[in-house]
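Numbering (the working numbering), first residue to last: 57 to 328.
Step one of this worksheet: look at the structure below.
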DNA sequence: CAGCATGTTTGAAG
DNA sequence: GCTTCAAACATGCT
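Below you can see the structure in the form of structure tokens.
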């Protein structure tokens, strides 16, 4: 479930589990998941140890004991990590596995094969080439404002665009817009300074809240829109009860914006 | 079976 | 160059 908060949790997980253990072996089930050819990946990683991490938006970079060997991970729509003892069965969908000399393995879980792993030699070069913007937790109000005002489009797709700010995905953008009380289809050029400030604060609120709850959306505060969304892992006694705005009770409306399913409160989020 | 899905890239058209 | 829209990627779940 990898938007920025999940990837941050994965980063912490990898950092806590997988550093300073020489990589003995690497198994790749499907070469399509690689952005670096397997022989090169193997040769560069064999014998190396992970030494640290850096996350930018939804991208996770893992440093090794060789400065120019940096692993890049992108978790697509359903990626995950699993660190497990070698004596245990390989987790389901662990299509790439790092075998450490510690007798533990790190599995890169990718059920839908939208995930990617490869090498980069320099993080900033990679970010620049991919035009990835400032991380959602590092961006300043003036940077975010400048980015948004440089575009002429609907606010939702602009916030989803990783060039604007890195790390926001479909569901988090809906939450940000809800918290900021901005309609997903309002055009960027019509946003007031007050709305831009509200969006900035909402980005921080939503990201920090999600990370604090270890990215388990179901534990979000009661006044978050996320509860109106259907989550297969969040069983509610009364499914209808959560289809109303947690602030005003108006039925949550669903529409398509920028080609993505969008939830919003037609009463709280009006185009100014 | 049909429809939908947390992401990114690419290409066409205006 | 920019925006918009659709499709493609590959698979799982409801």
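Positions of the beta carbon are idealized from the N, C-alpha and C atoms, including for glycine.
Treat the numbers as computed from the prediction; the structure is a model and nothing was measured.
When secondary structure is reduced to three states using DSSP, residue 204 falls in the helix class. Between residue 104 and residue 65, the beta carbon gap of about 24 Å keeps them out of contact (Cβ cut-off 8 Å). The count of Cβ pairs closer than 8 Å, one atom from the region 128-138 and one from the region 166-182, reaches three, so the stretches are in contact. For residue 216, no beta strand (DSSP E) segment is defined; the enclosing uninterrupted segment is the alpha helix (DSSP H) at 211-216. Pairing residue 107 with residue 70 gives a Cβ-Cβ distance that is not under 8 Å. Per the DSSP secondary-structure output, residue 152 pairs in a beta bridge with 84, 164. With fewer than 16 other Cβ atoms inside 10 Å of its own Cβ, residue 304 counts as exposed.
One Cα belongs to residue 308, the other to residue 241, and the distance between them is close to 15 Å. Three or more beta-carbon pairs separated by less than 8 Å are not found between the region 195-209 and the region 225-241, which leaves the two stretches without contact. A distance of 8 Å or more separates the beta carbons of residue 262 and residue 191. Nearest C-alpha to residue 236 among 275, 212, 251: 251. Minimum Cα-Cα distance from residue 173 among the listed residues 267, 283, 153 corresponds to 153. The C-beta of residue 311 has fewer than 16 other C-beta atoms within 10 Å across all chains shown, which makes the residue exposed.
By the CB criterion at 8 Å, residue 188 and residue 115 fall inside the cutoff. Contact between residue 175 and residue 128 holds: their C-beta atoms lie close to 7 Å from each other, under 8 Å. The beta carbon of residue 163 lies closer than 6 Å to those of 138, 147, 150, 153 in the same chain, with the five residues before and after it left out.
Cβ-Cβ separation between residue 125 and residue 213: approximately 36 Å, too far for a contact (criterion under 8 Å).
The Cβ-Cβ distance between residue 285 and residue 256 does not fall below 8 Å. Sixteen is the threshold: when 16 or more other Cβ atoms of the shown chains lie within 10 Å of the Cβ of residue 239, as they do, the residue is buried. Per the DSSP secondary-structure output, residue 129 pairs in a beta bridge with 116, 173.
According to the DSSP assignment, residue 266 belongs to the alpha helix (DSSP H) that extends over 249-268.
Distance between residue 274 and residue 325, taken at the CA atoms: about 22 Å.
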